[in-house]
Amino acid sequence: MRRNALHNVHDKSDLAAEMVAAGARVGDFWALMKPRVMSLVVFSGFAGLYVAPGEIHPLIAAVAVLCIAVAAGASGAMNMWYDRDIDGIMSRTCGRPIPKGYVAPEQALAFGLALSAFSVMLMGLAVNVAAAALLAFTIFFYVVVYTIWLKRRTPQNIVIGGAAGAFPPMIGWAAVTGSIDWASLPLFALIFMWTPPHFWALALWRNPDYMRAGVPMMPVVAGMESTKKQMLLYTVLLAPVALAPVFLGVAGWVYGATAIVLNAGFIYRAWRVLRSDDLVWAKKMFGFSLVYLFLHFLVLMLDRAPGLVSLVRGTLAW
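The sequence shown begins at 1 in UniProt numbering and counts up one residue at a time.
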């Protein structure tokens, strides 16, 4: 029986080796870049670029957004390279290209490093040094600080590591202004404070995955009840942070009104998660959190769009 099991293991490893040797498809490398995560990163980066004061040529703006997208994909590829051992254990990630044997680990690492170098050099040459430096730091923070250092060592991995996902609006802002301005910090703070309740909502209903993989996510270490309380606390603290762009002049009253409604909805869902014995509301909160962030940045851009305020006023007057 043991001999059969060993044969099965060898058969699977041989099959994986054959698949890698046959060559990975373009779609496999695309999957390495975490396109769903990349889309939100690119959108927030574009929002930071759009609302930043100053002028930028449309072609340069397109290059800046491309660099943010490529850098996000590079970070995703290197994250999958390092996490390949636990990705194969977790049901949420076992279908990724490396655990499936579609891409060899060394291919994923080389791919990520090449994309990182390309995105940072292009940003520096075509846009400006400030944006390139911040882009390079973001890649380093996500791969080294979050993935390699924090993720497997502390339940605060998402709290601290969330900074990596919060930098893109600042990068977009720096692409226009050529500097890292304090005025862009509210956009950073919005994503930074949003990340823990967003990710902990996922961790609640994926808790068995993290337990099997030995990743010290908050529900694994502190328990479900403590995690729910911290989620509610973060959503309450997030509300004034989300309104900070209004008080600092980065956004107007259209954004402000939308932020009030969205944050009330976020707090309500966190409260329902705390009061619920099952995980239905955790799933709902995770889904809402994605809409929450998307709408904040969408309305932020619409609020700064020419003629929007006069259009809304005219509609209300009519």
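Ideal placement from N, C-alpha and C gives every residue a C-beta, glycine not left out. On a predicted model such as this, the values are computed, not experimentally measured, just so you know.
Which ranges does the beta strand (DSSP E) cover as unbroken runs of at least 3 residues, wholly within the segment 96-137, from first to last along the chain?
-> none
Could you tell me the distance, in whole angstroms, from the CA atom of THR235 to the CA atom of ALA270?
-> 7 Å
Any contact of the segment 186-205 with the segment 278-296, i.e. 3+ C-beta pairs under 8 Å?
-> yes
Does the pairing of the segment 213-230 with the segment 147-157 give three or more beta-carbon distances under 8 Å?
-> yes
Compare the C-alpha of LEU52 against each of ARG206, PHE140, PRO208 and PRO245 and name the closest.
-> Checking the sequence shown, residue 52 turns out to be Ala, not Leu. Selected option, being the one with the closest Cα: PRO245.
Is GLY76 helix, strand or coil by DSSP?
-> helix
Indicate the three-state DSSP secondary structure (helix, strand or coil) for ALA257 in the structure shown.
-> helix
According to DSSP, is MET90 helix, strand or coil?
-> coil
Compare the beta carbon distance of TYR50 and MET301 with 8 Å and say whether it is the shorter of the two.
-> yes
Can you give me the start and stop residues for the alpha helix (DSSP H) that GLU225 sits inside?
-> 224-247
How about LEU293 and THR258: do their beta carbons lie closer than 8 Å?
-> no
Does the beta carbon of ARG275 fall short of 7 Å from some heavy atom of the ligand NAD?
-> Looking for the ligand NAD in the displayed structure turns up nothing, as the structure carries no ligands at all.
ALA133 to ASP277, Cα distance in whole Å?
-> 46 Å
Where LEU125 and TRP30 are concerned, what is the direct C-alpha to C-alpha distance, given to the nearest angstrom?
-> 25 Å
Does the beta-carbon distance from ASP83 to THR138 come in below 8 Å?
-> no
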